[in-house]
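Undergrad: Just so you know, the sequence shown maps onto residues 344 to 401 in this note's numbering.
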Amino acid sequence: MSDFKTGDVVRLKSASPKMTIKGPDGDAWAVQWIDRNGKLQSDSFHADMLDLFVGRGG
């Protein structure tokens, strides 16, 4: 499992909105994000599908 931690901001490697790590979910990571309609969404993705998001400031 990758070294993600709760609160990290990630994106899918194939492009996606920014998502926040909620925590481990078996062999995946549970994430949540706000969709285009302002609704909270959640799902789980294997670590190999995620990249840590690094903004301009760091």
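Where is the CB? At the ideal position from N, CA and C, for every residue including glycine.
Sorted by chain position, which residues of the same chain lie with C-beta nearer than 6 Å to Met362's C-beta, five sequence neighbours on each side aside?
TA: Correct list, in chain order: Val353, Val374, Trp376.
Undergrad: Using a 10 Å radius around the Cβ and a threshold of 16 neighbouring Cβ atoms, would you call Leu393 buried or exposed?
TA: By the neighbour-count rule (16 or more Cβ atoms within 10 Å), Leu393 is buried.
Undergrad: Start and end of the beta strand (DSSP E) containing Arg354?
TA: That run of the beta strand (DSSP E) goes 352-355.
Undergrad: Excluding the 5 residues flanking Ala371 on each side, which residues of the same chain have their C-beta closer than 7 Å to its C-beta?
TA: Closer than 7 Å at Cβ, skipping near neighbours: Ser387, Phe388, His389.
Undergrad: At what residues does the beta strand (DSSP E) containing Lys365 begin and finish?
TA: Its beta strand (DSSP E) spans residues 362-368.
Undergrad: Return the bridge partner residues of Ala371 from the DSSP annotation.
TA: BP columns for Ala371 point to Asp368.
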